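A.B. asks: Quick one: the structure is below, and I'll ask about it shortly.
Residue numbers (our numbering): 5 to 398.
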């Protein structure tokens with residue numbers, strides 16, 4: 005959940021958590037701990053008991069999910085909700101789908117079990133190779149110092165960024181009204197102020213998410229290395245290089261985090277092969293699998309939006325991820341059309357520069373459609389009819 009979704013509430017009191025949830029909020033960590041325990045037990049049981057334990061584990065996780073709207077700041081609530089949903093989908097993958105671990109094999113994985121359960125990208129199971137930058141194992145103390153320094157620099161830079169944005173970017177509720185969500189047919193009447201807000205929106209959404217994931221990874225990695233659960237070179241950055249983002253497909257493939265890739269892909273194959281009945285390996289099956297992965301991602305984000313209490317924006321989450329898949333198909337069509345005419349030019353400096361402009365332009369057009377409704381409608385129970393408190397009053 006991006007900070008733009010809650011930035012409008014930053015200088016006002018936080019929305020009130022419903023009383024029937026507030027009284028039970030302290031039980032949420034315990035409910036999620038029960039869910040994790042049941043998931044670990046399920047790995048060591050046969051298929052029938054696995055199914056029963058999985059139902060109990062999922063029930064406990066979803067009960068914990070109810071309380072994410074009471075977590076403040078709201079960004080941490082969104083992160084907690086994402087982790088709970090990813091945990092549930094990850095357990096489906098481990099227990100029943102592509103990364104299925106048979107009970108007899110699970111009994112011999114006790115020393116690595118925690119790593120497997122929390123290793124969404126599959127590195128611990130040898131499913132992917134870790135590209136080590138050094139031949140020798142880095143020393144723990146200097147590595148930990150680097151992590152703490154990275155955390156301090158990242159948090160300090162982000163805090164400065166928030167302060168500057170609040171003082172420089174003068175906004176009011178009307179800047180996020182429904183007519184402002186479109187831009188192409190409103191180009192003649194669009195003001196420079198409106199354009200600047202849209203430019204900032206694209207940067208803020210991805211930068212704020214990058215900060216959250218980077219800090220969380222540094223903290224968890226430091227704890228696990230201190231406890232001697234992992235070696236320092238086990239961890240690689242969640243996000244890739246920004247220089248690879250000259251197509252929408254490359255943005256999601258090479259730059260964005262891969263926490264959901266394996267599990268969403270497994271669910272996508274389940275829907276494509278067993279429900280839709282498509283033959284594995286065919287073009288139709290591959291297209292369906294990719295679309296399902298984006299659709300599942302949209303549904304997950306929509307569930308978090310609803311649970312956090314936003315009165316608008318959940319359908320826009322689903323539409324946004326579907327638009328990304330449509331943009332990928334459009335890219336492929338254009339590339340197949342122009343390849344015979346331009347050859348290698350499209351992969352050269354000029355082609356990549358045009359690609360960067362295309363990617364930024366697509367998010368410039370699509371992200372406000374997803375983010376503006378959350379800001380404009382606000383959170384149920386927040387001050388004001390629309391939930392907008394306003395860093396700067398209109």
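Virtual Cβ for every residue (Gly too), placed ideally from N, Cα, C. In this text the structure is predicted, and so the values were computed from the model without any measurement.
#1: Can you tell me where the alpha helix (DSSP H) with residue 378 in it begins and where it stops?
#2: Can you give me the C-alpha to C-alpha distance between residue 254 and residue 304, rounded to a whole angstrom?
#3: Can you look up residue 242 in the DSSP assignment and give me helix, strand or coil?
#4: If you run the structure through DSSP and keep just helix, strand and coil, what is residue 314?
#5: To the nearest angstrom, report how far apart residue 163 and residue 169 are at their CA atoms.
#6: Using only the alpha-carbon positions, how far apart do residue 272 and residue 296 sit?
#7: Could you compute how far the alpha carbon of residue 260 sits from the alpha carbon of residue 247?
#8: For residue 324 versus residue 302, is the C-beta spacing smaller than 8 Å?
#9: Of the choices 83, 226, 172, 216, whose alpha-carbon is the least far from that of residue 406?
#10: With a cut-off of 8 Å, do at least 3 Cβ pairs link the stretch 80-95 to the stretch 57-72?
#11: Using 8 Å as the threshold, is the C-beta distance between residue 180 and residue 379 below it?
#12: For residue 65, collect the residues of the same chain with a Cβ closer than 7 Å to its Cβ; drop the 5 residues on either side in sequence, then sort them by chain order.
#13: Are the stretch 187-202 and the stretch 219-236 in contact at 8 Å, needing three or more beta carbon pairs?
#14: For my contact list, residue 363 and residue 251 are in at a C-beta cut-off of 8 Å; report their separation, rounded to the angstrom.
#15: Determine the contact status of residue 318 and residue 334, defining contact as a CB-CB distance below 8 Å.
#16: Beta carbon of residue 49, beta carbon of residue 107: below 8 Å?
#17: Relative to the C-alpha of residue 370, which candidate in 382, 352, 320, 338 has its C-alpha closest?
C.D. replies: With the structure as the only source:
#1: In the chain shown, counting from the first residue as 1, residue 378 sits at position 374. Unbroken alpha helix (DSSP H) run through residue 378: 353-381.
#2: The residue given as residue 254 occupies position 250 in the chain shown. The residue given as residue 304 occupies position 300 in the chain shown. So the alpha carbons of these two residues sit roughly 22 Å apart.
#3: Mapped onto the chain shown, residue 242 falls at position 238. DSSP places residue 242 in coil when its eight states are reduced to three.
#4: The residue given as residue 314 occupies position 310 in the chain shown. Note: residue 314 maps to strand in three-state DSSP.
#5: Here the question's residue 163 lines up with position 159 in the chain shown. Here the question's residue 169 lines up with position 165 in the chain shown. Approximately 10 Å between the Cα atoms of the pair.
#6: Residue 272 sits at position 268 when you count from the first residue of the chain shown. Residue 296 sits at position 292 when you count from the first residue of the chain shown. So the alpha carbons of these two residues sit roughly 5 Å apart.
#7: Here residue 260 refers to the residue found at position 256 of the chain shown. Here residue 247 refers to the residue found at position 243 of the chain shown. Going from the Cα of residue 260 to the Cα of residue 247 covers about 12 Å.
#8: Your numbering for residue 324 matches position 320 in the chain shown. Your numbering for residue 302 matches position 298 in the chain shown. Yes, the pair counts as a contact, with Cβ atoms nearer than the cut-off.
#9: Only positions 5 to 398 of the chain appear in the structure, and residue 406 is not among them; the question remains open.
#10: Put simply, the stretch 80-95 touches the stretch 57-72. At least three CB pairs are less than 8 Å apart.
#11: For this step, residue 180 is matched to residue 176 along the chain shown. For this step, residue 379 is matched to residue 375 along the chain shown. It is a contact, given that the beta carbons lie within the stated cut-off.
#12: On the chain shown, position 61 is the one that residue 65 refers to. These residues qualify, in order along the chain: 36, 39, 88, 91, 92.
#13: no
#14: What you label residue 363 is simply residue 359 of the chain shown in a count that begins at 1. What you label residue 251 is simply residue 247 of the chain shown in a count that begins at 1. With a Cβ gap of about 7 Å, residue 363 and residue 251 count as contacting.
#15: Here the question's residue 318 lines up with position 314 in the chain shown. Here the question's residue 334 lines up with position 330 in the chain shown. For residue 318 and residue 334, no; Cβs fall outside 8 Å.
#16: Here residue 49 is taken as the residue at index 45 of the chain shown, counted from 1. Here residue 107 is taken as the residue at index 103 of the chain shown, counted from 1. Going by C-beta atoms, residue 49 is nearer than 8 Å to residue 107.
#17: Counting from one through the chain shown, the residue named residue 370 turns up at place 366. Residue 370 has its Cα closest to that of 320, out of 382, 352, 320, 338.
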